[in-house]
Amino acid sequence: MRIRLALLTTACLSLAATALPAQAATADTHLEGRLPSGAAYVMDVPASFNGTVLLYSHGYTPAGAPNPAQNTPGPAARDTLLAEGYALIGSSYATNGWAITEAVPDQLATLDLFTQKFGSARRTLAWGTSYGGFVTSVLAERHAGRFDGSLSMCGLVQGGAANWNSTLDPVFALRTLLAPDSGVRLAGFADQAEAVAAGKALTSKVDAAQRSPGGRARIALAAALHNIPGYNDPSQTRPGPTDFETAQANQYAAVRGLLQLPAFSWRQEAESRAGGNPSWNTGVDYRSMLARSPLYKEVTELYKEAGLSLRTDLSALDRAPRIAADPSAVRWMRNTSVLSGRLTDPQLNIHTTGDALIPVQSESAYRRAATAAGSAGLLRQAYVDRPGHCTFTPGETLAALHTLEHRLDTGRWDTSPGALNSRAEAADPTAEPRYLPYRPAAYPRPYDLGGS
1 MRIRLALLTT ACLSLAATAL PAQAATADTH LEGRLPSGAA YVMDVPASFN
51 GTVLLYSHGY TPAGAPNPAQ NTPGPAARDT LLAEGYALIG SSYATNGWAI
101 TEAVPDQLAT LDLFTQKFGS ARRTLAWGTS YGGFVTSVLA ERHAGRFDGS
151 LSMCGLVQGG AANWNSTLDP VFALRTLLAP DSGVRLAGFA DQAEAVAAGK
201 ALTSKVDAAQ RSPGGRARIA LAAALHNIPG YNDPSQTRPG PTDFETAQAN
251 QYAAVRGLLQ LPAFSWRQEA ESRAGGNPSW NTGVDYRSML ARSPLYKEVT
301 ELYKEAGLSL RTDLSALDRA PRIAADPSAV RWMRNTSVLS GRLTDPQLNI
351 HTTGDALIPV QSESAYRRAA TAAGSAGLLR QAYVDRPGHC TFTPGETLAA
401 LHTLEHRLDT GRWDTSPGAL NSRAEAADPT AEPRYLPYRP AAYPRPYDLG
451 GS
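Residue numbers for the sequence shown follow the UniProt record's numbering, beginning at 1 and rising by one.
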């Protein structure tokens, strides 16, 4: 019978009790407390500790939302990993929002505290989901000496500058084509109230446009600039290869979600940290961007059915006044939130193909950066055929972790869909795994420390 010792403490790390070596633990141990930064932490260490500690980085938490410490993606993975002997640790980060400057030191402090309390682990792995996948890659690149390997799941691995640039493109297209005289601000917000009001104003224009064939075609164009898939939520009907109407209806739902939070509210929070607008579309050729999009055929067909000229609308985007970045904000983003692709230890990335929040093409951006940095051999990417953001089954998640460990144990990658699905079935026989051969299209606007 497990004995859980709940120890709540707000003491500084320097005052923490001297740790016994991990092998001396006689019971499962659960610790919660506060780091000196104010971030909460949580640690679970089983009595049968196998020597591997997993440092989990959680996803984006909006300002004002509850922000508890997390040490796994979910309870099913947690229970399995504890039964297998892994130590699970993680923090809340000291603040919500685009908290990279707090997340990285808080995660490292959590790892320091684990070592202080339990001794040095035989192996330390960083892993995380969504925004936490981005935090994981920052840890792997900038603090490589602390980790043996890393796993980024549905991660924002395009990095901060590319993310905010790519988030700007669809709203720029929507304002230009649906509300050219509205005066809706897209960046450089004075405060959260202005950002929320701008998002609501543009959402109302999009809702009205969805009621006409021409409006739907223009929404599809905006979705294509962000590579929003036509099947992006498990509740949606999966469209056939030429069922563009259903695909567009699914994209419309995702576009509304983009307008309600990431493109306005979350942007303003990031701008407040950066000290201004860190994104731009000066010099961007939207005609070429659309031609590279996997959604190009859908857009051209919907424009044809609506009797609209796609050429005319693309010319309107060319002529529309562009948005310039604040140089100091770009410098802040480069210094804190842009990835280099320089890896010292193996990293595995997994992503669902139907992700609207962080489109799967973000993996192309990181592959580009890692290749340019000479780290391609250390990076592998695998894909799950499923709609939604981070909608992995527990088995698929555990399969990815064990695949990373296989690479560390043998020196060889084994990331074929067959191998991943076999591991996933072994970890969770109740759910069908859906890893598949897949190569995402290019990310619309990659940006890394090796060049833009």
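Note that the Cβ used here is the ideal one computed from N, Cα and C, for glycine as well.
The region 223-294 contains, as complete alpha helix (DSSP H) runs of 4+ residues, the segments 244-260, 267-274 and 286-292 (chain order).
In the structure shown, residue 296 adopts helical secondary structure according to DSSP, grouped into three states.
A direct Cα-to-Cα measurement between residue 405 and residue 148 gives close to 10 angstroms.
In this structure, 110 is the residue among 100, 35 and 110 with its C-alpha nearest to the C-alpha of residue 44. In the structure shown, residue 332 adopts helical secondary structure according to DSSP, grouped into three states.
Around residue 423, the same chain offers 399 and 402 as residues with beta carbons nearer than 6 angstroms, after the five sequence neighbours per side are excluded.
In this structure, residue 208 sits away from residue 173, with a CB-CB distance that is not shorter than 8 angstroms. The beta carbons of residue 159 and residue 59 sit no closer together than 8 angstroms. The beta-bridge partner set that DSSP reports for residue 387 consists of 354.
Counting other Cβ atoms within 10 Å of its Cβ, residue 297 stays below 16 and is therefore classed as exposed. Residue 177 has its alpha-carbon roughly 27 angstroms from the corresponding atom of residue 236. Ranked by how close their Cα comes to the Cα of residue 331, the residues 101, 47, 129 and 161 have 161 in first place. Residue 438 and residue 383 do touch by the CB rule: their CB atoms are close to 4 angstroms apart, below 8 angstroms.
Secondary structure note for residue 127: it is in no alpha helix (DSSP H), and the uninterrupted beta strand (DSSP E) holding it is 123-129. In this chain, residue 397 is not harboured by any beta strand (DSSP E); it is covered by the alpha helix (DSSP H) spanning 394-410. For residue 110, the uninterrupted alpha helix (DSSP H) segment begins and ends at 100-118. Check the Cα spacing between residue 68 and each of 79, 56 and 76: the tightest is with 56. The region 102-118 and the region 278-292 do not touch, with fewer than 3 CB-CB distances between them shorter than 8 angstroms. Here the region 348-368 lies against the region 222-232, with 3 or more beta-carbon pairs under 8 angstroms apart. Cβ atoms of residue 340 and residue 141 come within 8 angstroms of each other, at about 6 angstroms. Put simply, the region 236-254 does not touch the region 265-275. Fewer than three CB pairs are less than 8 angstroms apart. Inclusion of residue 387 and residue 233 in the CB contact set at 8 angstroms is warranted, their separation being smaller than that value. In the structure shown, the three-state DSSP call for residue 41 is strand. Segment contact: the region 121-131 against the region 317-332, fewer than three CB-CB distances shorter than 8 angstroms; contact not assigned.
Per DSSP, residue 441 has no beta-bridge partner at all. The Cβ-Cβ distance between residue 192 and residue 265 falls below 8 angstroms.
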